[in-house]
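Worksheet: one structure, shown below.
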Amino acid sequence: MGFINKLFKKVRGNGSTSAAHDLSTGPRTISRDQHAISRRDISDSALKVLYRLKDAGYQAYLVGGGVRDLLLGGEPKDFDIATDAHPEQVHKLFRNSILIGRRFRLVHVRFGREIIEVATFRANHTSDNSDNQARQSDSGMLTRDNVYGTVDEDALRRDFTINAMYYNINGFTIHDFANGLEDIQNRTIRMIGDPYERYREDPVRMLRAIRFAAKLDFDIADETGDPIDELGHLLEPIPAARMFEEILKLFLAGQGEATYELLQDYNLFGYLFPQTQAAIEADDSTDQLVETFIQRALRNSDERISHGKSVTPAFLLAAFLWHPVQARVAKIRNMPPVPALHQAAQDVIQEQVKSTSIPRRFSTPMKEIWDMQLRLPRRHGNRAQQLLDNKRFRAGYDFLLIREAAGEPLDDLGEWWTSFQYAGESQRMEMTKALGKAPRPKRKRKPSKSGDTANDAAESAVSSDA
Ligand code: ATP
Ligand code: MG
1 MGFINKLFKK
11 VRGNGSTSAA
21 HDLSTGPRTI
31 SRDQHAISRR
41 DISDSALKVL
51 YRLKDAGYQA
61 YLVGGGVRDL
71 LLGGEPKDFD
81 IATDAHPEQV
91 HKLFRNSILI
101 GRRFRLVHVR
111 FGREIIEVAT
121 FRANHTSDNS
131 DNQARQSDSG
141 MLTRDNVYGT
151 VDEDALRRDF
161 TINAMYYNIN
171 GFTIHDFANG
181 LEDIQNRTIR
191 MIGDPYERYR
201 EDPVRMLRAI
211 RFAAKLDFDI
221 ADETGDPIDE
231 LGHLLEPIPA
241 ARMFEEILKL
251 FLAGQGEATY
261 ELLQDYNLFG
271 YLFPQTQAAI
281 EADDSTDQLV
291 ETFIQRALRN
301 SDERISHGKS
311 VTPAFLLAAF
321 LWHPVQARVA
331 KIRNMPPVPA
341 LHQAAQDVIQ
351 EQVKSTSIPR
361 RFSTPMKEIW
371 DMQLRLPRRH
381 GNRAQQLLDN
391 KRFRAGYDFL
401 LIREAAGEPL
411 DDLGEWWTSF
421 QYAGESQRME
431 MTKALGKAPR
441 PKRKRKPSKS
451 GDTANDAAES
461 AVSSDA
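Under the working numbering, residue 466 is the last one in the sequence shown; the count climbs by one each step, no gaps.
Here you go:
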């Protein structure tokens, strides 16, 4: 009820109330002189695509994040285009284009490094829709989504009101189908239609609500946020590959820490990283070491992004899974630390890929970052100098600093490494000397009288080469 009323009560920026807006009567149209989107803000490639579609007699709109971010005065990450031309027709218009997607057929038009995504209007459909272009599983989930429709229909099957505004290249008007403009002004993430139903169709929309709330610093409307707690489990059967795509967008877009907090508020984080959630819940340290470490790691990568530095998913994934790996190591008996770590790493990753896939190009450096954590304490002789040349030194060292900042008792190891890097040659020698003698590798001894072989193995492992 409140939802509908709010939808219809439009408070303009100037305070006047406009006429009630009914979704079934079509969009509210905002003319060129009443909105701030100018063609100058739209990439040349997107404009080319829009104009070529229009000149070929098709409808052509800029839609989604492009319109939303321009209205907010931001820079869109990419420009998505919607049209009534079918994918094959779009493909024919652009030699530099390819047809992609099965679940959702699209055309990608490529201009150098920029890709413009062109989607044909889709119609909303229900489970009784007999058209075999759309498939819905028993739980109400959309598995195929290729029923073409009109622009009105296309708007109503988009996720949030702020994502359903269309900039028409024909006349430069904006068509607002679901009161997105009002929600932009109120800074609200609001699902179009019945949130329960829309989450059941595509549970990833729960993650998208949180992603946009964190990215834009918007609130999630109550009726949009309330069902999430109950429906979070619907994320479990989502294919691990799609979940991986989503976590990249969630954590590597510059608002990772805020996103993490929201995921916790809505009880979704545990569906992405079950082992991490378990480690957080099992953590009885007074300063919440496990969670503090994750927050620090996210803050660190947010800062890097804001300074234009590179970030790799491997580093964050290594951070998320560090404590689960430690917990696993603690359970392994009779194995030296290095092989125990490798075993634990293997087990934890194997478990994680049930939730989100982790391509090998990331799991390999993750293991190397963890490995570095065993190597960095071993600095005797030439080892420190040699470690500096290791290709994973930098990541391993950054990781160590975050562990230390989060409160892990590491005996100022991070500080030592900081000084070592800045030190000159003679100073480095002094620093290494000051560490004292290298512990001698212990020979395998006969079991002591107490028969404590496990302890022996652990002792010899500490000094074995990594
Ligand atoms: P950004 O690109 O900045 O992450 P965006 O809003 O452009 O944000 P995309 O994932 O690029 O997000 O999707 C483009 C548009 O497609 C969205 O704005 C939305 O209208 C629609 N859309 C995307 N994913 C879904 C979904 N799961 N359910 C419904 N609509 C969706
Ligand atoms: Mg986009």
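All residues carry an ideal CB built from backbone N, CA and C; glycine is no exception.
Fully contained in the segment 216 to 299 is no beta strand (DSSP E) run of length 3 or more.
Secondary structure within the segment 377 to 428: the alpha helix (DSSP H) runs of 4 or more consecutive residues, fully enclosed, are 383 to 388, 393 to 405, 413 to 422 (chain order). Ala314 places its beta carbon less than 7 Å from that of Phe362.
Distances from the CB of Gly74 to the heavy atoms of ligand 2 are all 6 Å or more.
With fewer than 16 other Cβ atoms from the protein chains shown falling within 10 Å of its own Cβ, Asp194 counts as exposed. At least one heavy atom of ligand 1 falls within 6 Å of the beta-carbon of Gly64. For Asp202, the Cβ falls inside the 6 Å cut-off from some heavy atom of ligand 1. A heavy atom of ligand 1 is found nearer than 6 Å to the CB of Asp80.
By the Cβ-count criterion, Thr364 is exposed, with fewer than 16 other Cβ atoms from all chains shown falling within 10 Å of its own Cβ.
Counting only residues of its own chain and dropping the five nearest sequence neighbours on each side, Ala119 has a CB closer than 6 Å to the CB of Ala82, Leu106. Proximity of the segment 182 to 201 to the segment 49 to 66 falls short of the contact definition, fewer than three beta-carbon pairs being nearer than 8 Å.
Ile30 places its beta carbon less than 7 Å from that of Ile174.
In terms of Cβ geometry, Thr259 and Leu252 do not form a close pair [threshold 7 Å]. For Asp183, the enclosing alpha helix (DSSP H) has its first and last residue at 180 to 186. For the pair Arg378 and Met165, the Cα-to-Cα distance works out to about 58 Å. Secondary structure of Val311 (DSSP, three-state): coil. Proximity of the segment 212 to 222 to the segment 281 to 290 falls short of the contact definition, fewer than three beta-carbon pairs being nearer than 8 Å. If you draw a straight line from the Cα of Glu415 to the Cα of Glu303, it is about 20 Å long.
Within its own chain, the residues whose Cβ lies closer than 7 Å to the Cβ of Leu99, once the five positions on either side in sequence are excluded, are Pro87, His91, Arg105, Val107, listed in chain order. Pairwise C-beta distances place the segment 396 to 409 in contact with the segment 367 to 378, as three or more of them are shorter than 8 Å.
A distance below 6 Å between beta-carbons, with the five flanking residues on each side excluded, links Ala60 to the following residues of its chain, in chain order: Leu50, Leu53, Lys54, Thr83, Ile169. In this structure, Phe320 lies near Phe273, with their beta-carbon atoms less than 7 Å apart. At a Cβ-Cβ threshold of 7 Å, Ile115 and Leu70 do not count as neighbours. Here Asn124 is buried: its Cβ has 16 or more other Cβ atoms, across all protein chains shown, within 10 Å. When distances are taken from the beta-carbon of Lys354 to the heavy atoms of ligand 1, even the shortest one reaches 6 Å or more. Nearest to Lys433 by C-alpha distance, out of Gly381, Ala423, Ala406, is Gly381. Cβ-Cβ distances below 7 Å link Ala297 to Leu316, Ala319, Ile402 in the same chain, with the five nearest sequence neighbours on each side left out; the list follows chain order. In the structure shown, Ala345 falls within a helical segment according to DSSP collapsed to helix, strand and coil.
Between the C-alpha atoms of Arg383 and Leu413 there is a straight-line separation of about 15 Å.
Taking a 10 Å sphere around the C-beta of Gln373, we find 16 or more other C-beta atoms and assign the residue as buried.
DSSP places Phe111 inside the beta strand (DSSP E), whose first and last residues are 106 to 111. Take the alpha-carbon of Lys77 and the one of Gly308: they are about 15 Å apart. A residue is called buried once 16 or more other Cβ atoms fall within 10 Å of its Cβ, and Gln277 is buried on that count. Your pair Phe94 and Val109 checks out as a contact, with CB atoms roughly 5 Å apart and the cut at 8 Å. Relative to ligand 1, the nearest heavy atom lies less than 6 Å away from the CB of Arg158.
Secondary structure note for Glu153: its alpha helix (DSSP H) is the uninterrupted segment 151 to 156.
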